[in-house]
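K.L.:
Sharing a structure, written as structure tokens. Questions coming.
Protein chains in written order, with UniProt numbering: chain A, 1 to 480; chain B, 1 to 480.
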């Protein structure tokens, strides 16, 4: 079978799996219910019986369903979705200076350690990256273009990489000129440059909560205040919440991650995206879009972006290759909209330009058309790893634990039952060389003290299994 | 003859050359004076007659002296050193917001262009860099350590590179622990992180004038004010000037380049360095040291650093490999003193960490002990290029032009006679694809409007010769 055929096939049975899981999640199938027969399901979905069978067997392997001889498949997984968080009606706190850095620093330091069980770093495991392929391309680019590799790249970036990124952006429906992208040393630098281009110390920035803790640290280092609107695992950010905040506060910029927000993996629907862009456009407020996980969608269609609805050049799309291709190369980009000159000035005084060999290598990787195939494989892998992780969480975590069911990315967000203090759990886990991220660091508020974030970046292993088991036992003990 | 012997020999005759040039500069030898005989000079300096002869012939080749048959060598070079700028007694302007960015941006933009005659980029020409050697090492490091190359490097940097930099710093008499250095994406990033760690918007930073224009741009993007004390081509920064400024203004930090300051290539003597460090220590004011050109000394001994006199952890030494090894790799470092935690927080929120393949390659290049030999060759080349450039400037530039005689680096700083507006000259030169930097961008004041900075980074060529000739003609025409 060709690789293509394998991929298609995997894709098909996984669609059936997703269908069943979604029926369970919505309550259409409850614990102990019998799944539709292979024949019925095959007819309903227009798929072959063998594909449906493959899905059922896979669900059995994961412990979602149970096969009873000569009877059929029965649901044995309980639904543990996170509930919708309360929204607009809730009173909002005033903007506050961000001051989480002590705890965040502690977590960040532990990220560098060689944890035996690594559930904190949000990056694909090395097994999922094209190590050899990209390594070879890097070597050959340096050999063939030694002067370009050692000399300064232009401030906006290596021209070939810029063209490639512009091309891919256009493919995704983003209105962009061939020389629009500015190359950065990763998405964090894109966000840093974007924020510094449009804000000054003391300004208020709107964020979603929970949000990636490094954003909070970034706001803190820049002396910015934060106003937090809810992020829902189910629907991302609500335009109503945004409108409410805009009426109430003087907001200088927004940072939002509409697709697979870290940590709740929420997806803001495209119509909400359009509404948000238009709300902000009316007030000329810059919108900094974190696009770093969008390529990791499990759904057939890539979710839309804020940028594609941008008519006034107010959206600054920030992204990188760190979650898909080469975290350590530190290559990202920024579609700067109307703030191009300011961003280039910031880039020039931050580090002049991005590392040339890394830019050249990734530019060539894209030019050779290798990215699409790699992403296809990576998404399937990440979805599988996330699925497996969810299954094991249900086995090992205390009853009442709720976990997100993302449709992309590599991050799970867990709410633990009872009043478990997950900062305490973080330290306990760390003492056993298990790296997790406690909920408290993902918000300026105190809403997530019983949450944890787990990365599904690395392939399942005995060691991970053991780590999850230990973590579940600790959580259960603390929840009593 | 071995390479080593060539180097020693070159070094010896060049010392004689320098000796003669210094006598001319000091007025001990005037136009038309006869040089001491070969025998006298040989005895005085304790060098062989053939070495002295080699120096005289070389000086003749450069047009500094003229050989008259059966008579000897006669001076024909006029002394064109820059005079000492006026100092402490002069009244000082109040700190001012930095607002040069418009003009600087224009210059920076032109730097990216493919100028036929490139005299603006301060980096060694590709011919002087170990393109193949470093390329091979990069390729083999990626091949041998694919996971390390593609994965995130720790925030402070690649451990092996950190060790190597600490080791070399110790060799240079800098008190440093093996894990002190923080790796950055070049010296500009070091300065950016250092400044953001100790200053806030609205603070005043003391700089020397002239200073590297990117520092002015950096201050401007950070909303900092500048107070400028004179930088003298002859003696760098004077502790008296600094003391005067400290008494008069509320200064939050200093940025000084004591060794081969860009653009005037001035060297602040080591005893002045020590006094400056102690003046600032008494007031607990952080001193950000630009160390990027120190390794390019033409003198036998490496000049000292502020950092070596630092007892209180107030000196933040900023440096990089951009002027010596691989500009485009974007690898630099920072010895952060007591501000380590703050700097790491800034680094984490700027771009998480520096590009891993570039760090690994340079770390390995240092580990293999290749740097010392490369630097030795590079210094000789740069000195030669600078010498040649000076010679041709004298031939082609209008009478009354003054030029620095640096003892390191790769930058010449020219004062043009009359009221030539060098911004105008910059635009004229640019229209003929000659890239230069006009004096005005190197200061917050209007002192250097008839200065230009020329890079001696690239080997002499017919094209450079032609460019310098054209430039001299333009300058002469404007000065009339």
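Every residue gets a Cβ at the ideal spot worked out from N, C-alpha and C, and that includes glycine.
1. Which complete alpha helix (DSSP H) runs does the segment 283 to 330 of chain B hold, if anything under 4 residues is left out?
2. What are the residues that DSSP puts in a beta bridge with residue 181 (chain B)?
3. Nearest-angstrom Cα distance between residue 387 (chain A) and residue 298 (chain A)?
4. For the beta strand (DSSP E) that residue 30 (chain B) lies in, which residues bound it at each end?
5. Classify residue 96 (chain B): buried if its beta carbon has 16 or more other beta carbons within 10 angstroms, exposed otherwise.
6. Tell me, to the nearest whole angstrom, how far the beta carbon of residue 185 (chain B) is from that of residue 150 (chain A); I am working on the premise that it is less than 8 angstroms.
7. Could you check whether the Cβ of residue 365 (chain B) sits closer than 7 angstroms to any Cβ belonging to chain A?
8. Which residues in chain B sit within 7 angstroms of residue 189 (chain A), going by Cβ to Cβ distance?
9. Residue 457 (chain A) versus chain B: which residues are under 9 angstroms apart at the beta carbon?
10. Please list the terminal residues of the continuous alpha helix (DSSP H) segment that includes residue 252 (chain A).
11. Find out if the Cβ-Cβ distance for the pair residue 304 (chain B), residue 273 (chain B) is shorter than 7 angstroms.
12. For a cutoff of 7 angstroms on Cβ pairs, would you count residue 133 (chain A) as touching chain B?
13. Since residue 354 (chain A) and residue 153 (chain A) are thought to touch, with beta carbons under 8 angstroms apart, how far apart are those beta carbons, to the nearest angstrom?
14. Counting only C-beta atoms, is residue 229 (chain A) closer than 7 angstroms to chain B at any point?
15. Check this for me: beta carbons of residue 119 (chain B) and residue 472 (chain B), under 7 angstroms apart or not?
16. How long is the line joining the alpha carbons of residue 225 (chain B) and residue 452 (chain B), rounded to whole angstroms?
17. In angstroms, rounded to a whole number, what distance separates the CA positions of residue 431 (chain B) and residue 280 (chain A)?
18. Where residue 148 (chain B) and residue 206 (chain B) are concerned, what is the direct C-alpha to C-alpha distance, given to the nearest angstrom?
19. Which runs of the beta strand (DSSP E), 3 residues or longer, sit entirely within the segment 383 to 443 of chain B?
20. In the structure shown, what three-state DSSP assignment does residue 552 (chain A) receive?
21. Between A:323, A:321, A:348, A:123, which lies nearest to residue 217 (chain B) when the distance is taken from Cα to Cα?
22. Is residue 209 (chain B) near residue 231 (chain B), with beta carbons less than 7 angstroms apart?
23. Output, in chain order, the set of chain A residues within a Cβ distance shorter than 7 angstroms of residue 346 (chain B).
24. Smallest Cα separation from residue 433 (chain B): which of B:425, B:410, B:440?
25. Can you check whether the C-beta of residue 452 (chain A) is within less than 7 angstroms of a C-beta belonging to chain B?
26. Would you grab the beta carbon distance between residue 296 (chain B) and residue 307 (chain B) for me? Rounded to a whole angstrom, and I think it's under 8 angstroms.
27. Between which residues of its own chain and residue 123 (chain A) is the CB-CB distance below 6 angstroms, once the five residues before and five after are set aside?
28. Where does residue 119 (chain A) sit, in a helix, a strand or coil, going by DSSP?
29. Starting from residue 207 (chain A), follow its DSSP beta bridges and name the residues at the other end.
30. Using 8 angstroms as the Cβ pair cut-off and three pairs as the minimum, do the segment 335 to 343 of chain B and the segment 399 to 417 of chain B touch?
31. What residue from A:480, A:106, A:469, A:171 has the CA that sits closest to residue 302 (chain A)'s CA?
32. Which residue marks the beginning of the beta strand (DSSP E) containing residue 67 (chain B), and which one marks its end?
33. Quick check on residue 147 (chain B) - is its C-beta less than 7 angstroms from some C-beta in chain A?
34. CB-CB under 8 angstroms to residue 78 (chain A), same chain, minus the five flanking residues each way: which ones, in chain order?
35. Along the chain, where does the alpha helix (DSSP H) that runs through residue 339 (chain A) open and close?
36. When the Cα of residue 277 (chain A) is compared with those of A:70, A:247, A:310, A:267, which residue comes out closest?
P.N.:
Reading it off the structure:
1. none
2. In the second chain, the residue the question calls residue 181 (chain B) occupies position 181. Note: residue 181 (chain B) sits in no beta bridge, so no partner.
3. Taking the first residue of the first chain as 1, we reach residue 387 (chain A) at position 387. Taking the first residue of the first chain as 1, we reach residue 298 (chain A) at position 298. Straight-line Cα distance between these residues: approximately 11 angstroms.
4. In the second chain, residue 30 (chain B) corresponds to position 30, counting from 1. Careful: residue 30 (chain B) lies outside any beta strand (DSSP E) and carries neither H nor E.
5. Taking the second chain and counting its residues from 1, one reaches residue 96 (chain B) at position 96. It is exposed - the Cβ of residue 96 (chain B) has fewer than 16 other Cβ atoms within 10 Å.
6. Translated into the one-based positions of the second chain, residue 185 (chain B) becomes position 185. Translated into the one-based positions of the first chain, residue 150 (chain A) becomes position 150. About 15 angstroms; that fails the 8 angstroms criterion.
7. On the second chain, residue 365 (chain B) is found 365 positions in, with the first residue counted as 1. Not one chain A Cβ lies under 7 angstroms of residue 365 (chain B).
8. On the first chain, position 189 is the one that residue 189 (chain A) refers to. Residues of chain B passing the Cβ test: 350, 351.
9. Taking the first chain and counting its residues from 1, one reaches residue 457 (chain A) at position 457. Here the premise fails: no neighbours, minimum Cβ distance about 11 angstroms.
10. Position 252 of the first chain, counting from 1, holds the residue named residue 252 (chain A). Note, residue 252 (chain A): premise wrong, no alpha helix (DSSP H); not H, not E.
11. In the second chain, the residue the question calls residue 304 (chain B) occupies position 304. In the second chain, the residue the question calls residue 273 (chain B) occupies position 273. Contact flag set, yes.
12. For the purposes of this step, residue 133 (chain A) is taken as residue 133 along the first chain, with counting starting at 1. No - not a single Cβ of chain B is within 7 angstroms of the one on residue 133 (chain A).
13. One-based indexing of the first chain puts residue 354 (chain A) at position 354. One-based indexing of the first chain puts residue 153 (chain A) at position 153. Contact flag correct, Cβ pair sits at about 6 angstroms.
14. Translated into positions along the first chain, residue 229 (chain A) becomes position 229. No - not a single Cβ of chain B is within 7 angstroms of the one on residue 229 (chain A).
15. Taking the second chain and counting its residues from 1, the one referred to as residue 119 (chain B) is at position 119. Taking the second chain and counting its residues from 1, the one referred to as residue 472 (chain B) is at position 472. Not in contact: residue 119 (chain B) and residue 472 (chain B) (Cβ atoms no closer than 7 angstroms).
16. Against the second chain, residue 225 (chain B) aligns to sequence position 225. Against the second chain, residue 452 (chain B) aligns to sequence position 452. Near 25 angstroms, if we compare the C-alpha coordinates of residue 452 (chain B) and residue 225 (chain B).
17. Looking up residue 431 (chain B) in the second chain gives position 431. Looking up residue 280 (chain A) in the first chain gives position 280. The alpha-carbon atoms of residue 431 (chain B) and residue 280 (chain A) are separated by roughly 43 angstroms.
18. In the second chain, counting from the first residue as 1, residue 148 (chain B) sits at position 148. In the second chain, counting from the first residue as 1, residue 206 (chain B) sits at position 206. The straight-line gap from Cα to Cα measures roughly 41 angstroms.
19. 411 to 415
20. No information on residue 552 (chain A) is available, as it lies outside the stretch 1 to 480 that chain A covers here.
21. Looking up residue 217 (chain B) in the second chain gives position 217. Closest by alpha carbon: A:348.
22. Here residue 209 (chain B) refers to the residue found at position 209 when the second chain is read from its first residue. Here residue 231 (chain B) refers to the residue found at position 231 when the second chain is read from its first residue. For residue 209 (chain B) and residue 231 (chain B), yes; Cβs fall inside 7 angstroms.
23. Mapped onto the second chain, residue 346 (chain B) falls at position 346. 221, listed in chain order.
24. On the second chain, position 433 is the one that residue 433 (chain B) refers to. Comparing Cα positions, the closest option is B:425.
25. Mapped onto the first chain, residue 452 (chain A) falls at position 452. No, no contact with chain B.
26. As a working mapping, residue 296 (chain B) is identified with position 296 in the second chain. As a working mapping, residue 307 (chain B) is identified with position 307 in the second chain. With 8 angstroms as the limit, residue 296 (chain B) and residue 307 (chain B) do not qualify as a contact, their Cβ atoms being about 17 angstroms apart.
27. Stepping through the first chain from its first residue, residue 123 (chain A) is reached at position 123. Counting only Cβ-Cβ distances below 6 angstroms, and skipping sequence neighbours, we find 327, 457.
28. In the first chain, counting from the first residue as 1, residue 119 (chain A) sits at position 119. Note: residue 119 (chain A) maps to coil in three-state DSSP.
29. Walking along the first chain from the start, residue 207 (chain A) turns up at place 207. Bridge partners of residue 207 (chain A): A:228, A:255.
30. no
31. As a first step, residue 302 (chain A) must be located in the first chain, where it is residue number 302. Nearest of A:480, A:106, A:469, A:171 to residue 302 (chain A), Cα basis: A:171.
32. Sequence index remark: in the second chain, residue 67 (chain B) carries index 67 (1-based). Looking at the DSSP string, the run of the beta strand (DSSP E) that includes residue 67 (chain B) is 65 to 68.
33. The residue labelled residue 147 (chain B) in the question sits at position 147 within the second chain. Yes, residue 147 (chain B) counts as interfacial toward chain A.
34. Within the first chain, residue 78 (chain A) is the residue found at index 78, counting from 1. A caution first: residue 78 (chain A) carries a pLDDT of 49, below 50, which makes its placement in the model unreliable, though a value can still be read off. So the list reads 31, 394, once near-sequence residues are dropped.
35. For the purposes of this step, residue 339 (chain A) is identified with residue 339 of the first chain, where counting begins at 1. Unbroken run through residue 339 (chain A): none, as it is neither H nor E.
36. The residue you call residue 277 (chain A) lines up with position 277 of the first chain. Comparing Cα positions, the closest option is A:310.
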